[in-house]
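First up is the structure itself, then whatever we jot down about it.
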Amino acid sequence: SQKIEQNSEALNIQEGKTATLTCNYTNYSPAYLQWYRQDPGRGPVFLLLIRENEKEKRKERLKVTFDTTLKQSLFHITASQPADSATYLCAYSGSARQLTFGSGTQLTVLP
Amino acid sequence: NAGVTQTPKFQVLKTGQSMTLQCAQDMNHNSMYWYRQDPGMGLRLIYYSASEGTTDKGEVPNGYNVSRLNKREFSLRLESAAPSQTSVYFCASSEVGQGSAGELFFGEGSRLTVL
Numbered sequence: 038s039q040k041i042e043q044n045s046e047a048l049n050i051q052e053g054k055t056a057t058l059t060c061n062y063t064n065y066s067p068a069y070l071q072w073y074r075q076d077p078g079r080g081p082v083f084l085l086l087i088r089e090n091e092k093e094k095r096k097e098r099l100k101v102t103f104d105t106t107l108k109q110s111l112f113h114i115t116a117s118q119p120a121d122s123a124t125y126l127c128a129y130s131g132s133a134r135q136l137t138f139g140s141g142t143q144l145t146v147l148p
Numbered sequence: 005n006a007g008v009t010q011t012p013k014f015q016v017l018k019t020g021q022s023m024t025l026q027c028a029q030d031m032n033h034n035s036m037y038w039y040r041q042d043p044g045m046g047l048r049l050i051y052y053s054a055s056e057g058t059t060d061k062g063e064v065p066n067g068y069n070v071s072r073l074n075k076r077e078f079s080l081r082l083e084s085a086a087p088s089q090t091s092v093y094f095c096a097s098s099e100v101g102q103g104s105a106g107e108l109f110f111g112e113g114s115r116l117t118v119l
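Residue numbers (our numbering), protein chains in the order written: chain A, 38 to 148; chain B, 5 to 119.
Following this line, the structure appears as structure tokens:
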């Protein structure tokens, strides 16, 4: 069955650097992937969606790529700030037409 | 903007007790969802409702029931709570069904502890 995996460990980076988070899937390419941000004690908030036929999508300092050969999506935050510290979730819609979420990557941006 | 509102925010139950989590959205969305989130497990879908009057099981429906009361409201009921149901529960809504690329709008979560 399809699995979706994110960096299981927390990611710490220095302010101003680019943070890169990984979302890997195991089998068929999903039609699209979504990325969400979740702050402690809060519900997830939608950030970006990228479709299978799109290589890259940008929104302000955020960039998402989709590589169907590597079965991977990368989420980049450029010029990172301490306010970007949060857990980032990727999600895909599989054959069951249900949105399935990864377990998330906790990002900490150090001042 | 209220968005998706969940009540209660916190609840402690004893094993065997029942309770209902309430969810309401004011965005006129057709689809609504209940997820649970456990450490290291990600969000897992319990039930969803593609439109008023319909409900379908998700990945982990056992031990839960749902009611789509009207277009705005979608409730989740635990008939006989078990410690394994200790979790954070999130309600979400979207304009389109999950098979379509619609973003989800989440509530703030309901933290349930079953002793």
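Here a beta-carbon is modelled for each residue, glycine too, at the ideal position from N, C-alpha and C. Quantities reported herein were computed from a predicted structural model and do not represent experimental measurements.
Opposing strand residues paired with residue i [DSSP bridges]
i: L85(A); result: W72(A)
i: N69(B); result: R81(B)
i: R40(B); result: R48(B), Y93(B)
i: E93(A); result: T102(A)
i: V146(A); result: I50(A)
i: S55(B); result: BP columns for S55(B) are empty, so no partner.
i: S98(B); result: S35(B)
i: A123(A); result: L144(A)
i: Q109(A); result: N61(A), D104(A)
i: S29(B); result: Correcting the residue identity first, residue 29(B) is Gln in this sequence and not Ser. Answer is V8(B).
Nearest-angstrom beta carbon gap, residue j and residue i [assumed within contact, 8 Å]
i: T59(A); j: N44(A); result: 5 Å
i: Y65(A); j: L86(A); result: Between L86(A) and Y65(A) the Cβ distance is about 18 Å, and since that is not below 8 Å, they are no contact.
i: N49(A); j: T124(A); result: In fact, because the Cβ distance is near 13 Å, the residues do not count as touching under 8 Å.
Spatial neighbours of residue i in its chain, beta-carbon cut-off 7 Å, leaving aside the 5 residues before and after
i: G67(B); result: L82, A86, Q89
i: E91(B); result: According to the sequence displayed, residue 91(B) carries Ser and not Glu. Closer than 7 Å at Cβ, skipping near neighbours: R40, Q41, D42, L116.
Own chain residues within Cβ distance below 6 Å of residue i, not counting five before or after
i: E77(B); result: A28
Terminal residues of the beta strand (DSSP E) in which residue i lies
i: L119(B); result: First-last for L119(B): undefined, no H or E at that position.
i: H33(B); result: No beta strand (DSSP E) contains H33(B), which DSSP labels as neither H nor E.
i: E42(A); result: 41-43
i: Q118(A); result: Note, Q118(A): premise wrong, no beta strand (DSSP E); not H, not E.
i: Q15(B); result: 14-17
Spatial neighbours of residue i in its chain, beta-carbon cut-off 8 Å, leaving aside the 5 residues before and after
i: L80(B); result: T24, L25, C27, W38, I50, Y51, Y68, N69, V70, Y93, C95
i: F119(B); result: What sits at residue 119(B) in the sequence shown is Leu, not Phe. Same-chain partners within the cutoff: V16, L17, K18, T19, P87.
i: V100(B); result: N34, S35, G106
i: G7(B); result: Q29, D30, M31, F109, G111
i: D60(B); result: Y51, Y52, S53, A54
i: G139(A); result: I41, E42, Q43, C60, L126, C127, A128
With three or more beta-carbon pairs closer than 8 Å as the criterion, would you say the stretch 28-43 of chain B touches the stretch 12-20 of chain B?
no
Hey, is the stretch 77-84 of chain A in contact with the stretch 107-118 of chain B, meaning 3+ C-beta pairs nearer than 8 Å?
yes
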